[in-house]
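>
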Amino acid sequence: MSIKGKAYIAGIYEHPTRVALGKTLPQLHAELAKGALADAGLSKDDIDAYYCAGDAPGMGGIDMVEYMGLNNVRQIDSTETGGSSYVLHVNHAAQAIAAGHCKVALITLAGRPAADAKEGVMFRMGGETPSSSGFEAPFRPSIVNMYAMCAQRHMYEYGTTSEQLAWIKVAASHHAQYNEHALRREVVTVEDVVNSPLVASPLHRYDCCVITDGGGAVIVVAPEIMKKLKRPAVKILGAGEAPKHLMGGKVDLTYSGARWSGPKAFEEAGVTQKDIKYASIYDSFTITVLETLEDLGFCEKGKGGKFVSDGNLISGVGKLPFNTDGGGLCSNHPGNRGGMTKVLEAVRQIRGEAHPKVQVPNCDIALAHGTGGLLGSRMGSATVILGNQDS
Amino acid sequence: MSEAKPKAKVRAPKINHETKAFWDATAQGKLHVGKCDDCGEHYYYPRPLCPFCFSDKTRLALCSGNGVIYTYSVTMGKEPYTIAYVTLAEGPTILTNIVECDFDKLAIGQKVKVVFYDTGEGSAVPMFTVA
Numbered sequence: 064m065s066i067k068g069k070a071y072i073a074g075i076y077e078h079p080t081r082v083a084l085g086k087t088l089p090q091l092h093a094e095l096a097k098g099a100l101a102d103a104g105l106s107k108d109d110i111d112a113y114y115c116a117g118d119a120p121g122m123g124g125i126d127m128v129e130y131m132g133l134n135n136v137r138q139i140d141s142t143e144t145g146g147s148s149y150v151l152h153v154n155h156a157a158q159a160i161a162a163g164h165c166k167v168a169l170i171t172l173a174g175r176p177a178a179d180a181k182e183g184v185m186f187r188m189g190g191e192t193p194s195s196s197g198f199e200a201p202f203r204p205s206i207v208n209m210y211a212m213c214a215q216r217h218m219y220e221y222g223t224t225s226e227q228l229a230w231i232k233v234a235a236s237h238h239a240q241y242n243e244h245a246l247r248r249e250v251v252t253v254e255d256v257v258n259s260p261l262v263a264s265p266l267h268r269y270d271c272c273v274i275t276d277g278g279g280a281v282i283v284v285a286p287e288i289m290k291k292l293k294r295p296a297v298k299i300l301g302a303g304e305a306p307k308h309l310m311g312g313k314v315d316l317t318y319s320g321a322r323w324s325g326p327k328a329f330e331e332a333g334v335t336q337k338d339i340k341y342a343s344i345y346d347s348f349t350i351t352v353l354e355t356l357e358d359l360g361f362c363e364k365g366k367g368g369k370f371v372s373d374g375n376l377i378s379g380v381g382k383l384p385f386n387t388d389g390g391g392l393c394s395n396h397p398g399n400r401g402g403m404t405k406v407l408e409a410v411r412q413i414r415g416e417a418h419p420k421v422q423v424p425n426c427d428i429a430l431a432h433g434t435g436g437l438l439g440s441r442m443g444s445a446t447v448i449l450g451n452q453d454s
Numbered sequence: 002m003s004e005a006k007p008k009a010k011v012r013a014p015k016i017n018h019e020t021k022a023f024w025d026a027t028a029q030g031k032l033h034v035g036k037c038d039d040c041g042e043h044y045y046y047p048r049p050l051c052p053f054c055f056s057d058k059t060r061l062a063l064c065s066g067n068g069v070i071y072t073y074s075v076t077m078g079k080e081p082y083t084i085a086y087v088t089l090a091e092g093p094t095i096l097t098n099i100v101e102c103d104f105d106k107l108a109i110g111q112k113v114k115v116v117f118y119d120t121g122e123g124s125a126v127p128m129f130t131v132a
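Line by line, the protein sequences give chains A and B.
Counting from 1 along the first sequence, just add 63 to a position and that's the residue number in the numbering used here.
Counting from 1 along the second sequence, just add 1 to a position and that's the residue number in the numbering used here.
#1: Between the Cα of PRO424/A and those of HIS396/A, LEU359/A, PHE348/A, ILE339/A, spot the shortest distance and give me the residue it belongs to.
#2: Taking C-beta pairs closer than 7 Å, name the residues in chain D that LEU261/A reaches, listed in chain order.
#3: Would you list the residues sitting across from PHE129/B in a DSSP beta bridge?
#4: Out of curiosity, what's the CA-to-CA distance linking SER56/B and TYR44/B?
#5: How would you label SER106/A, buried or exposed, when you count the other beta carbons within 10 angstroms and need 16 or more for buried?
#6: Just how far apart, CA to CA, sit GLU80/B and TYR219/A?
#7: State yes or no: is the beta carbon of ALA117/B nearer than 9 Å to at least one beta carbon in chain A?
#8: Under the assumption that LYS382/A contacts TYR345/A (Cβ atoms under 8 Å), give the Cβ distance between them as a whole number of angstroms.
#9: Distance cutoff 9 Å, beta carbons only. Does GLN452/A sit that close to anything in chain B?
#10: For LEU61/B, which residues in the same chain have their Cβ closer than 8 Å to its Cβ, ignoring the five residues on either side in sequence?
#11: If you count every other CB in all the chains shown that lies within 10 Å of the CB of ASN375/A, and 16 or more means buried, which is it?
#12: Give me whichever residues DSSP pairs with GLY523/A in a beta bridge.
#13: Output yes if chain A places a C-beta closer than 9 Å to the C-beta of ALA13/B; else output no.
#14: Taking C-alpha atoms, which residue in ASP111/A, ALA409/A, SER148/A lies nearest to MET131/A?
#15: On the premise that ASP118/A lies in contact with GLY68/A, defined as a C-beta separation below 8 Å, what is that separation, rounded to the nearest angstrom?
#16: Between the alpha carbons of GLY402/A and ILE170/A, how many angstroms are there, rounded?
#17: Starting from PRO52/B, find everything on chain A with Cβ-Cβ shorter than 7 Å and list it in chain order.
#18: Indicate whether at least one CB of chain A lies closer than 9 Å to the CB of PHE55/B.
#19: Is GLY333/A near the ligand HEM, with its Cβ less than 8 Å from a heavy atom?
#20: State yes or no: is the beta carbon of GLY68/B nearer than 9 Å to at least one beta carbon in chain A?
#21: Judging by CA-CA distance, which residue of TYR71/B, GLY123/B, LEU96/B, THR76/B is the nearest neighbour of GLY110/B?
#22: Should CYS272/A be labelled buried (16 or more other beta-carbon atoms within 10 Å of its own) or exposed?
#23: Indicate whether at least one CB of chain A lies closer than 9 Å to the CB of THR72/B.
#24: Can you tell me whether MET442/A is helix, strand or coil according to DSSP?
#25: Terminal residues of the continuous alpha helix (DSSP H) containing ASN208/A?
#26: On the DSSP bridge list, what partners appear for GLU304/A?
#27: Taking contact to mean 3 or more Cβ pairs, one atom from each stretch, closer than 8 Å, check whether the stretch 328-338 of chain A and the stretch 405-424 of chain A are in contact.
#28: At least one CB of chain A closer than 9 Å to the CB of HIS43/B: is that the case?
In structure tokens:
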């Protein structure tokens, strides 16, 4: 069964905060839900399905539907694939709607790592596994060095340079200057990026995303609901998802799970890379974007460095405008999970509601991609392709 | 194989019944990978069911301790350290640290050999240095 045309994104909301001192985690989730409902023109009682991931407190869905007073929910899904969860949730919600299980699905993401740090609360990953406890933890893997090792290998195999990676940050910064909520709005140059301090070689500080609080919410609805609403229809055309891991020791860090999630999404949507007018690409680090663009087929494997150079990702300048909100690299990476904001900006682009300086003309088809977990070990990849009413 | 170095500041692994034999052997300066007697694959990390063919005819296989750097990254800070994936002579690529050498001269493809760091808790952590 295909989800193509069976479900629509009717409401979105991104929390304007970047440091959520004074707000609790469930409170953020609830504020986000309220914002997305208002955007859609729906009420709380319309929601009959709820999706959340590991960022939701307590038992996730069960706790949050109670907190938010959602009394008509008949399906919950708390699939956890790290930062890509919310892209995957769009797919799962569309599948549930297409199968007739629900009509109005709410997805929320919230986090407060910046506020937690100020309050002395340590960030913790979940339960113990053989990999996390014994075979990896003694070697001090960090989020940055587990991506840096991918960059190092990509450079070795394909000649990718730090300057090429820097272009990804440069493009994001060009977009962020127009986003009043972006944490970092200053436009940076390739030199600024490669001269910023090394965090874990070969990645510099400006190769890394921001750490912010807040979050986002999405409401996915059945076609008959969408027809009654006043917001521009954003049709879900296709989606794909796949985990990727260390393959029992046959390690290859030069590609991501997008190698599998991408083709599935393109096939279901019935479109090709050339049809994509705008792409939201998960940007925890510059290398994440580079490998993902290759894996999604926007360029040949190994040619990502050349593809992203010279402003090719800058709206109005290059061939593939990406992350026009400033992305995780400059604007927002709430709760250390960037998949939600990838969906939100893709919806704004289809609606024609991105900032005028970065809005892609006639943006009828857009793609959003999430990468959760660690590119250097195990991850969950998720791709969704969206279109306007006529797509 | 080398003797485990005493008093090194290393984070001890958490050990359970599935991983105990592997870690007990490290205290004797021995590095193992998983080996499947059905499909013949070497794999890492070791686990009771083969991740390639799901056979339970698996065991620990002793490694030579030789390998090459697949990739690495130097994490900056007061005391920089190098995390790496090393491809063992037996096949599997494993997460580790590169130690006791000039980090500025490291390169992918470089030959390395195992060196054990005693945790003081009945195990030793297998790291690698330039061969």
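For every residue, glycine included, the Cβ atom is placed at its ideal position computed from N, Cα and C.
The structure says:
#1: ILE339/A
#2: Of the chains in the structure shown, none is chain D; the protein chains are A and B.
#3: ILE99/B, VAL115/B
#4: 13 Å
#5: SER106/A is classed as exposed because its beta carbon has fewer than 16 other beta carbons within 10 Å across all chains shown.
#6: Take the alpha-carbon of GLU80/B and the one of TYR219/A: they are about 26 Å apart.
#7: According to the sequence as given, residue 117/B is Phe; it is not Ala. Not an interface residue.
#8: The pair is not a contact, with the Cβ atoms about 20 Å apart (cut-off 8 Å).
#9: GLN452/A does not count as touching chain B.
#10: Only ALA22, PHE23, ALA26, HIS33, VAL34, GLY35, LYS36, PRO47 meet the Cβ criterion.
#11: So ASN375/A ends up on the buried side.
#12: There is no way to answer for residue 523/A, as the model of chain A reaches only from 64 to 454.
#13: At a cut-off of 9 Å between C-beta atoms, ALA13/B counts as an interface residue with respect to chain A.
#14: ASP111/A
#15: GLY68/A to ASP118/A, Cβ: 30 Å. No contact.
#16: 12 Å
#17: GLY311
#18: no
#19: Among the components modelled here there is no ligand, and therefore nothing to report on the ligand HEM.
#20: no
#21: TYR71/B
#22: buried
#23: yes
#24: The DSSP-derived three-state label of MET442/A is strand.
#25: For ASN208/A, the enclosing alpha helix (DSSP H) has its first and last residue at 206-221.
#26: ALA445/A
#27: The stretch 328-338 of chain A is not in contact with the stretch 405-424 of chain A.
#28: yes
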